[in-house]
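Residues in the sequence shown are numbered from 1101 upward in steps of one, following my numbering. C-beta atoms are modelled at their ideal positions from N, C-alpha and C, and glycine is treated no differently. For clarity, every value in this text was computed on a predicted model and none was experimentally measured.
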Amino acid sequence: MGEQKRNKNNNQHHKETFIFGKRNYQFMLIGLGVIALGFLLMTGGGSNDPNVFNPEIYNWQRIRLAPMLILLGFGIEVYAILTHPDKKNN
């Protein structure tokens, strides 16, 4: 009888919670979007003929902008992980 009562009380108070809050997941998605944008900006600039050099591969977008966006995205991911989840007082 006592064990059933304890199990009943534990089940009532046990509530599934996520490790991260809604705000954390939003920042994670934003960070993934920025990283994906950086990789998309890094693509291209190649040549169909391997004997022909295409100087577009050294475009500022591929050399400076894209890596900075990727690093910014990783920074956003770190912030999303380290931010305290939303806590609501009940």
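| query | result |
| --- | --- |
| Quick check: what's the CA-CA separation for N1154 versus A1166? | 19 Å |
| Hey, out of A1180, Q1161, N1148, G1121, whose CA is closest to L1140's CA? | Q1161 |
| By Cβ distance below 7 Å, which residues in the same chain neighbour V1134 in space, the five residues on each side in sequence not counted? | L1169, L1172, G1173, I1176 |
| Pop quiz: G1121 and A1180 are said to be a contact at Cβ under 8 Å. What is the actual Cβ separation, rounded to whole angstroms? | Contact flag wrong, Cβ pair sits at about 10 Å. |
| Considering Cα atoms alone, identify which of N1151, G1144, D1149 is closest to I1157. | G1144 |
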